[in-house]
Amino acid sequence: MLIERLAQMYVHWGSPAQTGELGRRKKDQAVSAVHQFLDVIESTAEDRKTLFTQSQQSRRKATKLAYLLLASETEPEAIHDAFLRSGLLSTGQRSNKPEVLLWLAGTEAIARGIHPYIAFLIMSSYFGLETAEEELRWLQERARASSSTLEEYIVPGDLTDSIEEALKEPARLQRTIRIAGMPLSASAFAGCSVYYIEKILTLVGPIGALILTQMILSARKRLVSDEISTAQQAFVDLFTQEETEPTAQEEEAGVGEEAFEEPNLPDPELMHTTTNIVMEAEAKILKSTLSSMSDGEIASLLRCLEAIAHERLLNLISQGRQKRVLAVIQKTENVTSGQMLRDAQLFAQKLLAAYAPKNLRPGTTLSIPEKLRGLISYLLSRE
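Here you go:
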């Protein structure tokens with residue numbers, strides 16, 4: 518996902534070599550500003566409006582604009598347009614273009630609900646590979662210094678009892694973490710032994726380990742044991758639904774009707790398309806769509822999304838509803854890929870309805886961004 522975001526940025530705006538390199542002094546100042554940006558974004562996660570003060574205190578125009586747009590909870594597409602209209606990317610601003618581009622990329626990433634650590638790495642990468650590697654090491658050291666050490670905290674449950682067996686199938690466990698998303702996974706692992714958590718962290722890569730550790734510590738502070746147990750059960754159910762290779766005896770026995778049933782493996786293309794729709798949709802429209810959906814429909818939609826979209830979707834519903842959705846996931850049985858497609862298409866239809874004004878006249882075109890319109894059309898045309 519990080520590489521994908523950088524690739525999109527280079528295609529639209531050019532690589533650092535094309536836009537001019539920052540001088541050493543200017544680069545150091547920019548890196549320092551990005552460090553501060555990470556601190557501010559993490560400290561204001563619950564109330565973005567406090568970023569208005571930060572925008573007033575910023576001297577650099579790109580930095581001031583970034584804080585101002587986030588404080589206003591501006592939509593990602595509008596952020597892109599705001600940087601264009603600001604004149605900061607005009608021909609006469611060539612010397613400042615690399616710095617402006619990294620602020621555009623970071624602001625848009627945060628607005629899309631991407632984790633601050635990932636947004637920080639996207640911004641750092643625009644300084645070049647050497648600086649990006651230095652900043653990754655800085656981020657790792659910062660995370661270790663600022664986070665409390667994981668202490669032993671075990672909540673009895675199915676996941677606690679079966680985690681050792683699950684670790685024997687690392688690929689399957691990785692897929693489940695991806696499907697469940699970081700918030701649910703962290704809530705589930707919050708009740709596991711530190712010994713097993715450390716093994717799980719090796720499966721999600723260095724950046725994933727930083728994020729997951731942070732979320733586990735947060736989950737232990739805000740969730741009671743019953744809530745952790747609910748998350749554990751939901752995770753176990755998702756893990757159980759991940760299809761495994763059949764044994765020789767099962768293959769020989771599978772000669773009945775059940776041998777021809779459609780497999781329950783997620784369709785990567787479907788998940789990618791539905792994820793892109795969630796990430797591209799306006800927050801207020803997406804929130805309105807979710808309010809029109811039942812807990813069961815939201816739970817079904819989560820199955821059709823990649824982990825990056827889970828966080829954005831769950832942040833748009835109340836904590837009480839999040840718990841109800843997790844409870845539905847816990848009780849839901851296996852679904853086929855065909856059912857997943859129908860669930861995704863139902864969501865797309867409801868999203869379209871949310872975009873339509875109440876007094877829509879026949880022949881009127883809905884004001885939907887072209888990219889989002891194409892994604893929805895493609896999803897609805899699938900059979």
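Note that our numbering has the sequence shown beginning at 518, numbered continuously upward.
Note that beta-carbon positions come from the ideal geometry of N, C-alpha and C, so glycine has one too.
Practice task
Within its chain, find whatever has a CB closer than 6 Å to the CB of Ile846; leave out the 5 residues flanking it on each side and keep chain order.
Solution key: Ala751, Ala816
Practice task
Inspect the beta-carbon positions of Ser679 and Val753 and report whether they are closer than 8 Å.
Solution key: yes
Exercise for the section: Run the CB neighbour count on His632, radius 10 Å, all protein chains shown included, and call it buried at 16 or more, exposed below. Expected result: buried
Exercise for the section: Please report how far the alpha carbon of Glu775 lies from the alpha carbon of Tyr670, in whole angstroms. Expected result: With a pLDDT of 35 at Glu775, under the threshold of 50, the predicted position of this residue should be treated as unreliable, though the coordinate-derived value follows. So the two alpha carbons sit approximately 42 Å from each other.
Problem - Asn793 classed as buried or exposed, judged by whether at least 16 other C-beta atoms fall within 10 angstroms - result: buried
Practice task
Indicate the three-state DSSP secondary structure (helix, strand or coil) for Ile907 in the structure shown.
Solution key: Residue numbering for the chain in the displayed model covers 518 to 900; residue 907 lies beyond these limits and cannot be assessed.
Handout entry: Sufficient close CB pairs (3 or more, under 8 Å) joining the region 656-663 to the region 699-717
Key = no
Practice task
State the DSSP-derived secondary structure class of Ala873, mapped to helix, strand or coil.
Solution key: coil
Problem - N- and C-terminal bounds of the alpha helix (DSSP H) containing Leu734 - result: 722-739
Practice task
Evaluate contact between the region 677-692 and the region 820-833, counting only Cβ atoms and requiring at least three cross-stretch pairs below 8 Å.
Solution key: no
Problem - Secondary structure of Lys848, DSSP reduced to three states - result: helix
Handout entry: Helix, strand or coil at Ala707 [DSSP, three-state]
Key = coil
Exercise for the section: Give the single residue among Lys581, Pro615, Arg629, Ala562 whose Cα lies nearest to the Cα of Thr595. Expected result: Residue 595 is actually Ala in this sequence, not Thr. It is Arg629 whose Cα lies nearest to the Cα of Ala595.
Practice task
Could you give the DSSP three-state label for Asp743: helix, strand or coil?
Solution key: helix
Problem - Residue of Gly708, Arg890, Pro785 minimising C-alpha distance to Ala748 - result: Gly708
Handout entry: Boundaries of the alpha helix (DSSP H) in which Asp545 is found, first to last residue
Key = 541-560
Handout entry: Cβ shell of Pro700 (< 7 Å), same chain only, five flanking positions each side left out
Key = Met732, His827, Glu828, Leu831
Handout entry: Beta-carbon separation (whole angstroms), Ala588 vs Phe569, contact threshold 8 Å
Key = 4 Å
Practice task
Buried or exposed for Gln839, please, with buried defined as at least 16 other CB atoms from any protein chain shown within 10 angstroms of its CB.
Solution key: buried
Exercise for the section: Flag Cys709 as yes when its Cβ comes closer than 7 Å to any non-hydrogen atom of the ligand ADP, and as no otherwise. Expected result: Of the ligands one can find in the structure shown there are none, so the ligand ADP has no counterpart to examine.
Handout entry: Cα-Cα separation, Asp784 to Gln573
Key = 47 Å
Exercise for the section: Output the residue ranges of the alpha helix (DSSP H) runs that lie fully inside the region 783-840 and measure 4 residues or longer, sorted by chain position. Expected result: 785-797, 800-808, 812-820, 824-832
Exercise for the section: Return helix, strand or coil for Phe644, following the three-state DSSP convention. Expected result: coil
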